[in-house]
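S.K.:
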Amino acid sequence: MPVPFSGGCRCGAVRYEVSAEPMAAYLCHCRGCQYESAGGPSVVVMVPRAAFKLTGTPKGHTTISDSGYPSTRRFCSECGTPVFGEPSVAPEIVMLRAGAMDDPSWIRPAATIWVSQAQPWAPMAPDLPRYDGNPPL
Amino acid sequence: MPAPYQGGCLCGAIRYEVTSEPIAVALCHCRDCQYVSGGEPAAVVLVARNALAITKGKPKGYTVKGDSGKNVTRQFCETCGTPLFSDIESNPAVWAVKAGSLDDPSWAKPGVIVYTSSAQPWAHMDPALPQFPKMPG
Ligand SMILES: [Zn+2]
Ligand SMILES: [Zn+2]
Ligand SMILES: [Zn+2]
Ligand SMILES: [Zn+2]
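Line by line, the protein sequences are chains A and B.
Quick note, the first sequence lines up with residues 1 to 137 if you use the working numbering.
Quick note, the second sequence lines up with residues 1001 to 1137 if you use the working numbering.
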């Protein structure tokens, strides 16, 4: 796994660098992620906030997540790219969106989560564990 | 799916209505769609251009050069970031609506997978669906 690794939005206005290995990656099918990701799952890569260095100013939109606490989705207001999420319940963690990594190919999703809200046609890898909501931590 | 059907963004600032049945539904793994969709494919519902009306709000557009060399303008909500639909210069007769923005995406069952040549190695594809390295034809 390449460390440090970098990423940013499609237009380049928002950039980041991460100086630690990801803690985990999940495929999230919650309805909020469906809005964000055109219908399929969001590919969420958890990294420690202390290892995350941001340049540029993404816009934030905060909703109450299905887990019942506020969660902020950060995106570039110029190009719309979702870049990361900030769950208020875990301020020490940043949830990167794999699509905005410069090289998402080395990510290894560990599980499919929020299957209870997935669309009936959503593609799901048969060999990954599935959870109705959040994965057990 | 019974037309008309509606959709909009996560925050409700933008709403639209479509008055005819979709032409096709595709899962697109192109790199640009990965930026929009968190890494997995975008689920794209092709509808006739004149069948879609924006009934509330005004999306923001971000234009990129598509693989065809022609422009693709991705429309999203500036407030919450939700991707809504795209203008495709090479196919001006359609809107490419993002399934995640439909009020009910459950009927938008994809019939084809496109741009598999740029899919991430961990992306799962339904083996029952026809696949194309780029666009069909
Ligand atoms: Zn941007
Ligand atoms: Zn989610
Ligand atoms: Zn919105
Ligand atoms: Zn695409």
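Ideal Cβ positions, reconstructed from N, Cα and C, are used throughout, including at glycine.
Remember, predicted model here, so these are calculated numbers, not experimental data.
Am I right that Gly133(A) and Pro1105(B) are in contact with their C-beta atoms under 8 Å? What's the rounded C-beta distance?
M.R.: Mapped onto the first sequence, residue 133(A) falls at position 133. Mapped onto the second sequence, residue 1105(B) falls at position 105. No, Gly133(A) and Pro1105(B) are not in contact; Cβ-Cβ is about 20 Å, not under 8 Å.
S.K.: Check whether the Cβ atoms of Ser1032(B) and Val1064(B) lie closer than 7 Å to each other.
M.R.: Working through the second sequence from its first residue, we reach residue 1032(B) at position 32. Working through the second sequence from its first residue, we reach residue 1064(B) at position 64. The residue you asked about is not Ser; residue 1032(B) is Asp in the sequence shown. Yes, the pair counts as a contact, with Cβ atoms nearer than the cut-off.
S.K.: Output needed in chain order: residues of the stretch 19-35 of chain A with a Cβ under 9 Å from some Cβ in chain B.
M.R.: Those residues of the stretch 19-35 of chain A that come within reach of chain B (Cβ to Cβ, closer than 9 Å) are Ala25, Leu27, Cys28, Arg31, Gly32, Cys33, Gln34, Tyr35.
S.K.: Please report the Cβ distance between Val18(A) and Pro58(A), rounded to the nearest whole angstrom; I am assuming they are in contact, meaning their Cβ atoms lie under 8 Å.
M.R.: Translated into positions along the first sequence, residue 18(A) becomes position 18. Translated into positions along the first sequence, residue 58(A) becomes position 58. The pair is not a contact, with the Cβ atoms about 15 Å apart (cut-off 8 Å).
S.K.: Note down, one range per segment and in chain order, each beta strand (DSSP E) of at least 3 residues found wholly within the stretch 36-76 of chain A.
M.R.: Taking only runs of at least 3 residues, the beta strand (DSSP E) segments lying wholly in the stretch 36-76 of chain A are 42-48, 52-55, 59-64, 70-75.
S.K.: Suppose contacts are defined by Cβ-Cβ distances below 7 Å. Is Ala1029(B) in contact with Ala1119(B) by that definition?
M.R.: Here residue 1029(B) corresponds to residue number 29 of the second sequence, with the count starting at 1. Here residue 1119(B) corresponds to residue number 119 of the second sequence, with the count starting at 1. For the sequence presented, residue 1029(B) should be read as His rather than Ala. Contact flag set, yes.
S.K.: What is the residue span of the alpha helix (DSSP H) that Arg1031(B) lies within?
M.R.: Stepping through the second sequence from its first residue, residue 1031(B) is reached at position 31. Looking at the DSSP string, the run of the alpha helix (DSSP H) that includes Arg1031(B) is 1031-1037.
S.K.: Looking at C-beta atoms only, is the number of pairs between the stretch 1070-1077 of chain B and the stretch 1046-1059 of chain B that lie closer than 8 Å three or more?
M.R.: At 8 Å Cβ cutoff, the stretches touch.
S.K.: Using only CA atoms, which one of Pro1133(B), Leu1129(B), Gly1137(B) lies nearest to Val1025(B)?
M.R.: Here residue 1025(B) corresponds to residue number 25 of the second sequence, with the count starting at 1. Selected option, being the one with the closest Cα: Leu1129(B).
S.K.: To the nearest angstrom, how far is it from the Cα of Ser65(A) to the Cα of Glu92(A)?
M.R.: The residue you call residue 65(A) lines up with position 65 of the first sequence. The residue you call residue 92(A) lines up with position 92 of the first sequence. The alpha-carbon atoms of Ser65(A) and Glu92(A) are separated by roughly 17 Å.
S.K.: Would you please verify whether the beta carbon of Thr1082(B) is less than 7 Å from any beta carbon of chain A?
M.R.: Against the second sequence, residue 1082(B) aligns to sequence position 82. So yes, Thr1082(B) belongs to the interface.
S.K.: List, in chain order, every chain A residue whose beta-carbon is nearer than 7 Å to that of Ala1043(B).
M.R.: Position 43 of the second sequence holds residue 1043(B). Simply Ala38, Gly39, Gly40.
S.K.: Can you find a heavy atom of ligand 3 that lies under 6 Å from the Cβ of Thr63(A)?
M.R.: On the first sequence, residue 63(A) is found 63 positions in, with the first residue counted as 1. Checking the Cβ of Thr63(A) against ligand 3 gives no.
S.K.: Can you find at least 3 beta carbon pairs, one from the stretch 49-56 of chain A and one from the stretch 5-14 of chain A, that sit closer than 8 Å?
M.R.: As far as the Cβ criterion goes, the stretch 49-56 of chain A touches the stretch 5-14 of chain A, which means the pair count is three or higher.
S.K.: Is Gly1008(B) helix, strand or coil by DSSP?
M.R.: Within the second sequence, numbered from 1, the residue matching residue 1008(B) stands at position 8. Gly1008(B) falls in the strand class under three-state DSSP.
S.K.: So what does Arg130(A) bridge to, in DSSP terms?
M.R.: Translated into positions along the first sequence, residue 130(A) becomes position 130. Bridge partners of Arg130(A): Thr112(A).
S.K.: CA-CA distance, Gly1061(B) and Thr1082(B)?
M.R.: Translated into the one-based positions of the second sequence, residue 1061(B) becomes position 61. Translated into the one-based positions of the second sequence, residue 1082(B) becomes position 82. Gly1061(B) and Thr1082(B): Cα-Cα distance of roughly 12 Å.
S.K.: Do we get a CB-CB distance below 7 Å when we pair Pro109(A) with the residues of chain B?
M.R.: Position 109 of the first sequence, counting from 1, holds the residue named residue 109(A). Closer than 7 Å to some Cβ of chain B, the Cβ of Pro109(A) qualifies, so yes.
S.K.: For Met1125(B), which residues in chain A fall below 8 Å Cβ to Cβ?
M.R.: Reading the second sequence from its first residue, position 125 is the one you call residue 1125(B). Those within 8 Å of Met1125(B) in chain A are Pro123.
S.K.: Run down chain B in chain order and give the residues with a C-beta less than 8 Å from the C-beta of Arg130(A).
M.R.: Looking up residue 130(A) in the first sequence gives position 130. Within 8 Å Cβ-Cβ: nothing; Arg130(A) doesn't reach chain B, min ~12 Å.
S.K.: Check each candidate in Thr63(A), Pro129(A), Pro104(A) and name the one with the smallest Cα separation from Trp114(A).
M.R.: Taking the first sequence and counting its residues from 1, the one referred to as residue 114(A) is at position 114. Out of Thr63(A), Pro129(A), Pro104(A), Pro129(A) has the C-alpha closest to the C-alpha of Trp114(A).
S.K.: Name the DSSP bridge partner or partners of Ile1014(B)?
M.R.: For the purposes of this step, residue 1014(B) is taken as the residue at position 14 of the second sequence. Beta-bridge pairing links Ile1014(B) to no other residue.
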